[in-house]
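Note sheet for the following structure.
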Amino acid sequence: MKKRKQPSLAGLTLQLTILATSLASFSGVAAGADEGDWIVRASVTQIQPDTDSDALNGISGSGLHLNDAVSAGLAVARMISPRFALEFSTAVPFDQELNGNQRLHDLGIPQFADVRTLPAALGVQDHFATGGAWHPYVGVGVTYMHFFDEHDRVNGIEADVKDATGASGQVGMDVRLEGKWLLNADVRYVDLDTTARLRGMFDQNVDMTVDPWLVSVGLGYLF
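So in the working numbering the end of the sequence shown lands on 547, straight run, no missing numbers.
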């Protein structure tokens with residue numbers, strides 16, 4: 325049975341959130357945004373797929389997976405009420421690898437292709453009023469993953485990863501700093517399935533469960 329992988333940045337995100345919340349409890353700065361306000365957030369974001377896949381034809385126990393990667397993230401939110409916001413988020417494309425699992429490593433096929441991943445998410449957030457500087461929120465939405473610019477790494481094997489869309493959920497925290505600056509920590513999970521199309525030595529469409537976590541830490545600005 326596949327085990328769920330915990331985000332390696334989640335511990336850091338949690339620690340920063342706890343620290344920021346503690347500091348905020350001593351601050352008189354209000355965190356809440358008003359209807360019509362915009363929030364722009366820039367972050368360091370790590371994508372961590374929890375990948376599983378079908379076996380390759382004729383190779384029992386084989387499988388494919390995408391590796392972790394780090395890039396710059398960007399999110400723009402519009403407050404449609406003092407509590408609810410619409411958010412669009414994306415990132416500079418992640419540079420990932422389509423790799424074989426240990427069974428394929430043992431057969432001398434460790435990596436099939438380099439692939440770039442561009443996420444685009446649209447969702448609704450529910451912001452909780454706390455009366456202080458810390459401002460937690462939860463959100464739901466949809467995330468579109470564009471896989472492109474594949475570069476094959478094995479002679480005789482062509483690989484292409486199909487674009488996919490999945491439902492997503494997020495939890496996050498904004499902490500009001502001086503002026504209109506915010507400290508932000510955010511964790512998003514996407515329920516995502518795709519297909520890796522292999523041609524050449526393998527002629528097969530391999531169904532993959534990607535289910536990535538996107539873990540972000542950064543700064544925001546309210547205006």
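We put the CB at the ideal spot given by N, CA and C, even for glycine.
On a predicted model such as this, the values are computed, not experimentally measured, just so you know.
Taking the alpha-carbon positions, what's the residue i to residue j distance?
i, j, result
"D535", "V514", "5 angstroms"
"T467", "G490", "5 angstroms"
"N381", "G493", "34 angstroms"
"R440", "A357", "35 angstroms"
"W537", "A366", "17 angstroms"
"F408", "G397", "22 angstroms"
"H451", "G542", "18 angstroms"
"P460", "A483", "41 angstroms"
"A437", "D430", "17 angstroms"
"I363", "V394", "23 angstroms"
"F547", "D392", "33 angstroms"
"G455", "T375", "41 angstroms"
"T345", "V495", "Because the pLDDT of T345 is 49, which lies under 50, any placement of that residue in the model is unreliable, and the number read from its coordinates should be weighed accordingly. Near 15 angstroms, if we compare the C-alpha coordinates of V495 and T345."
"S384", "D473", "29 angstroms"
"L428", "Q435", "9 angstroms"
"Q426", "D361", "50 angstroms"
"V627", "R512", "Outside the modelled stretch of the chain, which goes from 325 to 547, sits residue 627, for which no answer is possible."
"N508", "V478", "41 angstroms"
Where does residue i land, buried or exposed, given buried means 16+ other C-beta within 10 angstroms?
i, result
"F418", "buried"
"G387", "buried"
"N423", "buried"
"F350", "Low confidence applies here, because F350 scores a pLDDT of 44, under 50, leaving its location unreliable and the question unanswered by this model."
"D498", "buried"
"G544", "buried"
"V530", "buried"
"K326", "For K326, the pLDDT reaches just 44, beneath the cut-off of 50, and the residue's location in the model is therefore unreliable, although a value from the coordinates is still provided. Exposed, because fewer than 16 other Cβ atoms sit within 10 Å of the Cβ of K326."
"H475", "exposed"
"S405", "exposed"
"S413", "buried"
"A520", "buried"
"A453", "exposed"
Which residue wins for smallest C-alpha separation from residue i, given the options the options?
i, options, result
"D378", "V400, S540, K504, M532", "M532"
"A415", "L546, A445, R500", "A445"
"V539", "D510, L398, R521", "D510"
"W458", "A409, Y545, P406, R500", "R500"
"Q449", "G360, L410, Q370", "L410"
"G480", "V495, I433, Q426, H470", "I433"
"H470", "P443, T375, V462, A453", "P443"
"A399", "Q426, E421, V368", "V368"
"Q420", "F412, N508, V478, Q370", "Q370"
"M403", "S384, T375, D374, E359", "E359"
"Q372", "Q435, G463, V478, L390", "L390"
"V464", "A401, R477, G447", "G447"
Just grab the DSSP bridge partners of residue i for me.
i, result
"P443", "M469"
"D476", "A437"
"L501", "DSSP output for L501 lists no bridge partner at all."
"P536", "Answer is none; P536 lacks a bridge partner."
"V495", "V462, V511"
"F408", "D450"
"A415", "G397"
"T375", "Partner(s): none; T375 has no beta bridge."
"S367", "G397, G542"
"A483", "L522"
Using 6 angstroms as the cut-off, classify the Cβ of residue i as near or not near the heavy atoms of the ligand MG, replying yes or no.
i, result
"Y513", "You won't find the ligand MG in this model; it holds no ligand whatsoever."
For chain C, check one thing: does any of its Cβ atoms lie closer than 7 angstroms to the Cβ of residue i?
i, result
"K504", "No chain C is present in this structure, which holds just one protein chain."
- Query: Below 8 angstroms, can you find three or more Cβ-Cβ pairs linking the segment 515-532 to the segment 471-490?
  - Reply: The segment 515-532 is in contact with the segment 471-490.
- Take every Cβ of the segment 524-531, pair it with every Cβ of the segment 492-511, and state whether three or more of those distances are shorter than 8 angstroms. Between the segment 524-531 and the segment 492-511, the count of C-beta pairs closer than 8 angstroms stays below three; the two stretches do not touch.
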